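Enquirer: One structure follows; several queries about it will come next.
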DNA sequence: GCGAAATATTTTACTGCGGAAATATTAGCT
DNA sequence: AGCTAATATTTCCGCAGTAAAATATTTCGC
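Protein chains in written order, with the working numbering: chain A, 189 to 352; chain B, 189 to 352.
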């Protein structure tokens with residue numbers, strides 16, 4: 189990147205570097221999540237979907253709810269559901285009130301898996317920010333949120349999921 | 189996420205939130221890059237490859253160099269090269285010194301494209317950090333680098349490209 | 001109540017990105 | 001010369017995701 193800067197002096201070096209590092213960090217963090225859940229034969233989106241069901245207000249959610257909060261198409265959500273049902277992690281039955289809908293619930297095995305996986309992520313996450321003081325973490329989060337807000341101004345203000 | 193925290197009090201909320209926001213930011217930034225280059229009918233990896241060639245030390249690079257610095261497989265790099273050649277943005281000829289290698293050079297049209305696209309990215313990038321003072325940007329970058337360093341300790345220290 | 005429009009989900013067919021393995025060619029070493 | 005390693009390409013395949021059509025059900029206006 190320095191080499192690019194040499195050829196285009198108008199480049200905002202620090203800012204471009206910031207964006208680049210954020211992108212790389214995002215990828216690395218995603219990759220780590222994949223790694224933690226890979227032994228369970230789940231993809232990241234499957235796991236995140238399971239988490240959404242796990243934490244759903246009444247323990248029930250419909251595919252459309254999950255589509256909205258996870259930003260996937262209905263077709264994708266169907267296949268994710270198939271996978272989770274096949275693994276016995278969720279159940280999917282027709283809703284009594286509205287028989288167009290499906291009621292998705294987590295199974296005991298699903299809860300068990302979540303409660304087994306999340307602590308592993310937590311310990312790694314804690315380790316990751318071990319060198320940060322509480323004040324630093326707070327300040328970093330503030331910066332990131334500010335950036336996020338700026339990014340959502342012009343860009344599609346389409347809700348990126350669960351609103352932090 | 190708050191709902192998850194309610195069910196698992198052991199969760200490091202701030203830290204998890206930090207990681208989540210970084211991932212989302214990374215995706216949003218990537219999406220914006222895609223958006224800027226989409227009128228040129230180039231994918232992000234094609235554009236990044238073009239940039240690598242643009243800024244290559246002697247204006248020449250081989251597929252294997254690009255593979256290493258952009259973390260792609262040889263097969264992928266061949267196809268990226270095909271696309272860039274088809275658009276007349278690079279040339280790819282057998283090296284004289286080593287006839288296993290290809291010498292990839294950027295064409296005038298390629299340089300033109302880079303010099304047309306980058307300024308657009310720059311102006312957006314500047315805007316993005318408009319609310320940040322120099323000191324804040326520096327501090328943010330410091331935090332992110334610290335995090336990056338921590339992340340590269342345990343994780344595959346496999347070089348993530350051009351070393352910032 | 002009954003038909004039309006709206007809603008929720010699934011199915012089908014397709015795209016795009018990326019990689020692994022096999023192949024061909026060449027370089028370097030002894 | 002002959003063997004091994006390096007370089008790039010081709011072929012084939014898989015994964016993840018979507019759009020649009022198909023299906024089933026509910027809601028609303030009259």
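C-beta: ideal position from N, C-alpha, C; glycine also. From a predicted model like this one, the values you see are computed outputs, not experimental measurements.
Per the contact definition of three or more C-beta pairs closer than 8 Å, is the region 253 to 270 of chain A in contact with the region 212 to 227 of chain A?
Expert: no
Enquirer: Using 8 Å as the threshold, is the C-beta distance between residue 297/A and residue 277/A below it?
Expert: Taking the first chain and counting its residues from 1, one reaches residue 297/A at position 109. Taking the first chain and counting its residues from 1, one reaches residue 277/A at position 89. Result yes, Cβ atoms of residue 297/A and residue 277/A sit closer than 8 Å.
Enquirer: Under 7 Å between beta-carbons, which chain A residues line up against residue 204/B? List them in chain order, please.
Expert: The residue you call residue 204/B lines up with position 16 of the second chain. In chain order: 313.
Enquirer: From the beta carbon of residue 317/B, is the nearest beta carbon of chain A less than 8 Å away?
Expert: The residue you call residue 317/B lines up with position 129 of the second chain. By this cut-off, residue 317/B is an interface position.
Enquirer: Suppose you measure from the CA of residue 190/B to the CA of residue 201/B; what does that come to, to the nearest Å?
Expert: Numbered from 1 along the second chain, position 2 holds the residue referred to as residue 190/B. Numbered from 1 along the second chain, position 13 holds the residue referred to as residue 201/B. The straight-line gap from Cα to Cα measures roughly 8 Å.
Enquirer: Mind pulling the chain A residues with CB within less than 9 Å of residue 305/B?
Expert: As a working note, residue 305/B is residue 117 in the second chain. Going along chain A, no residue has its Cβ under 9 Å from residue 305/B, so there is no contact; the nearest lies around 11 Å.
Enquirer: Please confirm whether residue 203/B and residue 334/A have their CB atoms less than 8 Å apart.
Expert: On the second chain, position 15 is the one that residue 203/B refers to. On the first chain, position 146 is the one that residue 334/A refers to. Going by C-beta atoms, residue 203/B is not nearer than 8 Å to residue 334/A.
Enquirer: Identify every run of the alpha helix (DSSP H) within the region 194 to 249 of chain B, keeping only runs that are complete inside it and at least 4 residues long; order them along the chain.
Expert: 201 to 225 and 232 to 242
Enquirer: Assuming contact is defined by CB atoms lying nearer than 8 Å, are residue 251/A and residue 266/A in contact in what I supplied?
Expert: Here residue 251/A refers to the residue found at position 63 of the first chain. Here residue 266/A refers to the residue found at position 78 of the first chain. Closer than 8 Å, so yes.
Enquirer: Given a limit of 7 Å on CB to CB distance, which residues of the region 189 to 215 of chain B reach chain A?
Expert: Only 189, 191, 192, 195, 196, 198, 199, 200, 202, 203, 204, 205, 206, 207, 209, 210, 211, 212, 213, 214 and 215 from the region 189 to 215 of chain B bring a Cβ to less than 7 Å from some Cβ of chain A.
Enquirer: Output the boundary residues of the beta strand (DSSP E) element that contains residue 280/A.
Expert: Your numbering for residue 280/A matches position 92 in the first chain. Run containing residue 280/A: 278 to 282, per the beta strand (DSSP E) assignment.
Enquirer: I'd like the list of long-range same chain contacts for residue 294/B, defined as Cβ closer than 6 Å, with 5 residues on each side in sequence excluded.
Expert: On the second chain, position 106 is the one that residue 294/B refers to. Hits under 6 Å: 241, 242 and 278.
Enquirer: Is residue 257/B close to chain A, meaning its C-beta is less than 8 Å from at least one C-beta of that chain?
Expert: On the second chain, residue 257/B is found 69 positions in, with the first residue counted as 1. Judged by the 8 Å Cβ criterion, residue 257/B is not in contact with chain A.
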